[in-house]
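Residue numbering for the sequence shown follows numbering that gives the first Met the number 0, beginning at 0 and increasing consecutively.
Where is the CB? At the ideal position from N, CA and C, for every residue including glycine.
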Amino acid sequence: MDQLIDLVVERTGISREQAEKAVETVTGFLKDRPDVVAGILGGAAGGDIGKKLGGLFGR
Numbered sequence: 000m001d002q003l004i005d006l007v008v009e010r011t012g013i014s015r016e017q018a019e020k021a022v023e024t025v026t027g028f029l030k031d032r033p034d035v036v037a038g039i040l041g042g043a044a045g046g047d048i049g050k051k052l053g054g055l056f057g058r
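1) Could you give the residue range of the alpha helix (DSSP H) that holds Ile4?
2) Pick from Arg32, Gly38 and Asp1: whose alpha carbon is nearest that of Ala18?
3) In the DSSP assignment, the alpha helix (DSSP H) including Arg15 goes from what residue to what residue?
4) Consult DSSP for Gly38 and reduce its assignment to one of helix, strand or coil.
5) In angstroms with no decimal places, state the Cα-to-Cα distance between Phe28 and Gly38.
Quick look at the structure:
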């Protein structure tokens with residue numbers, strides 16, 4: 000989790016505290032909504048996971 004928080008801080012320039020809250024919010028949402036994760040990664044076995052995850056994070 001620390002790696003993800005560090006990455007958010009690095010790429011956004013927000014404080015570590017703000018990044019921790021953001022990551023906790025997103026991971027909490029994804030844990031509560033496995034249907035969203037399944038929709039994003041639906042064809043992951045035959046698709047490009049990097050592109051699908053990049054779309055999730057606006058890249």
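With the structure as the only source:
1) Asp1 to Thr11
2) Asp1
3) Arg15 to Asp31
4) helix
5) 14 Å
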